[in-house]
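Student:
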Amino acid sequence: MAGTLAEKVWDAHVVRRGADGAPDLLYIDLHLVHEVTSPQAFEGLRLAGRPVRRPDLTLATEDHNTPTLDIDRPIADATSRTQIDTLRNNAQEFGVRIHSLGDADQGIVHQVGPQLGLTQPGLTVVCGDSHTSTHGAFGALAFGIGTSEVEHVLATQTLPLAPFKTMAITVDGELPPGATSKDIILAIIAKIGTGGGQGYVLEYRGEAIRALSMEARMTICNMSIEAGARAGMIAPDATTFEYLKGRPHAPEGADWDAAVEYWSTLRSDDDAEFDVEVVLEAADLEPFVTWGTNPGQGLPLSASVPVPENIADENERVAAERAIEYMGLTPGQPLREIHVDTVFIGSCTNGRIEDLRSVAKVVQGRKKADDVRVLVVPASARVRLQAEAEGLDKIFLDFGAEWRNAGCSMCLGMNPDQLAPGERSASTSNRNFEGRQGKGGRTHLVSPLVAAATAIRGTLSSYADLGTGTPAPDGTPLADLQTV
Amino acid sequence: MEKFTQHTGVGVPLRRSNVDTDQIIPAVYLKRVTRTGFEDALFAAWRGDPAFILNQDAYRSGSVLVAGPDFGTGSSREHAVWALKDYGFRVVISARFADIFRGNSGKQGLLAAQVAQEDIELIWKILETRPGTEVTVDLESRTITCDDVVVPFQVDDYTRWRLLEGLDDIGLTLQHADEISDFEAARESWRPATLPAKHLPPVEIKAARPVGVPVEIGTRPGL
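Those sequence lines, one after another, are chains A and B. Residue numbering for the first sequence follows the working numbering, beginning at 302 and increasing consecutively. Residue numbering for the second sequence follows the working numbering, beginning at -13 and increasing consecutively.
(1) In three-state terms, what does DSSP make of residue 592 of chain A?
(2) Check for me: the beta strand (DSSP E) holding residue 645 of chain A runs from which residue to which?
(3) Going by DSSP in three states, residue 135 of chain B sits in which element: helix, strand or coil?
(4) DSSP on residue 104 of chain B, reduced to helix/strand/coil?
(5) By the criterion of Cβ-Cβ separation under 7 Å, what are the contact partners of residue 620 of chain A in chain B?
(6) For residue 583 of chain A versus residue 475 of chain A, is the C-beta distance shorter than 7 Å?
(7) Quick one, which of A/753, A/683, A/738 has its alpha-carbon nearest residue 408 of chain A's?
(8) Taking residue 328 of chain A as the query, report the chain B residues whose CB atoms sit under 7 Å from its CB, ordered along the chain.
(9) When the Cα atoms are used, what is the spatial distance from residue 539 of chain A to residue 652 of chain A?
(10) Does DSSP classify residue 96 of chain B as helix, strand or coil?
(11) Please tell me whether residue 371 of chain A has its Cβ less than 7 Å away from any Cβ of chain B.
(12) List the residues of chain A that residue 176 of chain B touches, going by C-beta distances under 7 Å, in chain order.
(13) Using the beta-carbon of each residue, which ones in chain B are nearer than 9 Å to residue 740 of chain A?
(14) Please name the residues in the stretch 177 to 196 of chain B whose beta-carbon is closer than 7 Å to at least one beta-carbon of chain A, in chain order.
(15) Helix, strand or coil, according to DSSP, for residue 361 of chain A in the structure here?
(16) Note down, in chain order, each residue of its chain lying with its Cβ closer than 6 Å to the Cβ of residue 76 of chain B, except the 5 sequence neighbours on either side.
(17) Listing by chain order, which chain B residues have their CB less than 7 Å from the CB of residue 307 of chain A?
(18) Output, in chain order, the set of chain A residues within a Cβ distance shorter than 8 Å of residue 142 of chain B.
(19) Excluding the 5 residues flanking residue 742 of chain A on each side, which residues of the same chain have their C-beta closer than 6 Å to its C-beta?
(20) For residue 627 of chain A, which beta-bridge partners are listed by DSSP?
(21) Spell out the partners DSSP gives residue 466 of chain A in its beta bridges.
(22) Please list the partners that residue 41 of chain B has in chain A, where partner means a Cβ-to-Cβ separation under 9 Å.
(23) Name, in chain order, the residues that DSSP records as bridge partners for residue 704 of chain A.
(24) Using only alpha-carbon positions, find the residue among A/361, A/411, A/740 that is nearest to residue 516 of chain A.
(25) Please identify, using Cβ separations under 7 Å, the residues of the stretch 703 to 717 of chain A that lie next to chain B, in order along the chain.
(26) Over what stretch of residues does the beta strand (DSSP E) that includes residue 141 of chain B continue unbroken?
(27) Counting C-beta neighbours from all protein chains within 10 Å, is the total for residue 546 of chain A 16 or more, i.e. buried, or is it exposed?
(28) Quick check: what's the CA-CA separation for residue 201 of chain B versus residue 763 of chain A?
(29) Can you have a look at residue -11 of chain B and say buried or exposed, based on whether 16 or more other CB atoms are within 10 angstroms of its CB?
(30) For residue 511 of chain A, which three-state DSSP category applies?
(31) Starting from residue 120 of chain B and walking both ways along the beta strand (DSSP E), at which residues does that stretch end?
(32) Tell me whether residue 598 of chain A sits in a helix, a strand or coil according to DSSP, three-state version.
(33) From this set, B/179, B/20, B/157, which residue's C-alpha is nearest residue 380 of chain A's C-alpha?
(34) Give me the subset of the stretch 354 to 366 of chain A whose CB atoms are less than 7 Å from a CB atom of chain B, sorted by chain position.
(35) Less than 7 Å separating the beta-carbons of residue 56 of chain B and residue 91 of chain B?
(36) Could you check whether residue 520 of chain A and residue 466 of chain A sit closer than 7 Å to each other, using their CB atoms as the reference points?
If you want it as structure tokens, here you go:
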């Protein structure tokens, strides 16, 4: 029978079919763990006298709550320190591999899995973090889970899961210059809404998706959850295999060949039926930014803040009024006129080496706007090392940006990297919820290219606003900046 | 897990859609390593506003939250469910729940009851007209009674059964431990394992230090 990519991966992991409405029991190939959603799960195991069933399929790192400055000194905040210490103690007690602060493979869990070559096509990947959908870029079925489920996976290496529906999102054509994968996903979320993907696994396909690099694909799958979908997937292809080859945990020799043969079967059959199909034209896309307080409240940068009276749906109108008030905006105000205080470049959405390269190409030889704080936070320590090897750190520092150690940082403001009340950011992260980046903070989600241009001009800007058709100072044409 | 059959308690109308888990409990409260004691963190950003619904005497002791659509979106943090439970909520009613939130609720004995938006509007009107009105949620019959209004709600059969019986998921799964072992025995050998660990050569990571003078916030006109 014809099947979708998601169904094929699902079927390959069913330990036990559920009868009479009971969920299927699914085997989990890779369980990623971090300090915030795991302490209560390990405590549950301890209380029940249960071991971790498969420490060899489990990996822990420190990311959400870690400082990005002074990482060689004790963590100043006592509760943060306790949480990190708790993870380290749990990892030791239960025999789980951990990459701690100061280790080259410490960093955001959704970068660490891919960079080690542990994230591979056809796997089931879970983590107590909703952005686990990132790993779907490799053709893995990857989704976020709650702490009770973390405990369940630690104890049994399985999860009981109800079947999902499938949605195909086809992005045809070619992206115009200045538009990136971030703009694709923000446009998708604005189109289908924050609840549009609920109950679905999204599969991104089409010419524009195929043309994207692995890291750009991760950006798209990462934000599937922002459309309400637990998982997003992209069928593996030559781009995927090339990314994986030679990474520490990628298969080698005959195993590599066997793996590639299997991975090549991981695509939706031509006659597979999706429950819903959505089509977008890449050529219609332009740099996209959010104006409101959920990721569905986004518009092209050339647009203006919506006028609530013009919104027919009452719930949406009330939500827009509330969002505009919280964001301190005026209905009808052009988005390009919005001033920001902070530009945050980082997160599991856009904190990878390609993101940093594209920002560096734009800001090289330029100076940031005087009254803007610019924070560059690599997704992992390995990304930081790579950037330093390429001299990107110097470019950021000369530009006037801060160059930090790896972690989730200002994406969610659990560590000291926060917005002050009323402060406004252009952020390459994934959520613009009220208070997400700090109590009273105001967030506009943007691509790395928009973040870079905004840091230069001080107002929400696209690369083109720096001067139509101008290449980057190093001569890179605009078209080559849009790989991410 | 405690069994759930029927619950009656004060209904709290929360006229907001897209109440994400960052609103239910901000990230700064997630540093705790305990499973209880999150009641102070529930809706922390809104609790400072005297007009907020839970700051009004009639609703303060509420245990049935009646919210707008797309409740529990965003982060997977189960702390959102713990905070609601620690405050005293036993039921959340909404026209649409985020998948992860609904799953987390079921594991913790918090009933996420899905109700048509027009029925929610009816319940909101009653709860707002007569603050302190009690709502009865019956899981057996899948009905919600609020004054003279009786409306059906949806919850999937499996979650309902587990809530009615008060069953622990891990215990249920471990009844099938043999089948898990059989599955493991048949897995391809090339599938990745985290142990033994393979690394690139170790490299020293330099600590970043604070630089520059922080930009003064709120000085720009028009902010």
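In this text, a Cβ means the ideal position worked out from N, Cα and C, and glycines have one as well.
Tutor: To lay it out plainly:
(1) DSSP places residue 592 of chain A in coil when its eight states are reduced to three.
(2) 643 to 646 is the extent of the beta strand (DSSP E) around residue 645 of chain A.
(3) Here residue 135 of chain B sits in strand by DSSP.
(4) When secondary structure is reduced to three states using DSSP, residue 104 of chain B falls in the helix class.
(5) In chain order: 3, 4.
(6) Yes, these two residues count as a Cβ contact at 7 Å.
(7) Measuring from the Cα of residue 408 of chain A, the nearest candidate turns out to be A/683.
(8) 169, listed in chain order.
(9) Near 23 Å, if we compare the C-alpha coordinates of residue 652 of chain A and residue 539 of chain A.
(10) Coil.
(11) Interface residue, yes.
(12) Here the neighbours are 552, 556, 559, 560.
(13) What residue 740 of chain A touches in chain B: 12, 14, 30, 31.
(14) If the cut-off is 7 Å between Cβ atoms, the stretch 177 to 196 of chain B has 177, 178, 179, 180, 181, 183, 184, 185, 186, 188, 189, 191, 193, 194, 195, 196 near chain A.
(15) Note: residue 361 of chain A maps to strand in three-state DSSP.
(16) If you ignore the 5 residues before and after residue 76 of chain B, its C-beta comes within less than 6 Å of the C-beta of -7, 49, all in its own chain and listed in chain order.
(17) Here the premise fails: no neighbours, minimum Cβ distance about 14 Å.
(18) Result: 322, 463.
(19) If we look at residue 742 of chain A and ignore the five residues flanking it on each side, its Cβ neighbours are 720, 724.
(20) None, per the DSSP bridge assignment.
(21) Residue 466 of chain A pairs with A/501.
(22) Correct list: empty, because the minimum Cβ distance to chain A is about 17 Å.
(23) Paired residues: A/677.
(24) With distances taken between Cα atoms, residue 516 of chain A lies closest to A/411.
(25) Within the stretch 703 to 717 of chain A, those residues whose Cβ lies closer than 7 Å to any Cβ of chain B are, in chain order, 703, 704, 705, 706, 713, 714, 715.
(26) Looking at the DSSP string, residue 141 of chain B is not in any beta strand (DSSP E), and its letter there is neither H nor E.
(27) By the 10 Å Cβ count, residue 546 of chain A comes out exposed.
(28) Low confidence applies to residue 201 of chain B: its pLDDT is 48, below 50, so where it sits in the model is not reliable, and the reading given next is rough at best. Distance between the alpha carbons of residue 201 of chain B and residue 763 of chain A: 23 Å.
(29) Here residue -11 of chain B is exposed. Its C-beta has fewer than 16 other C-beta atoms within 10 Å.
(30) Residue state, collapsed to three classes: helix.
(31) 120 to 124 is the extent of the beta strand (DSSP E) around residue 120 of chain B.
(32) Reduced to three states, the DSSP call for residue 598 of chain A is coil.
(33) Residue 380 of chain A has its Cα closest to that of B/20, out of B/179, B/20, B/157.
(34) Result list: 356, 357, 358, 359, 360, 366.
(35) No. Outside cutoff.
(36) No, the Cβ-Cβ distance between residue 466 of chain A and residue 520 of chain A is not below 7 Å.
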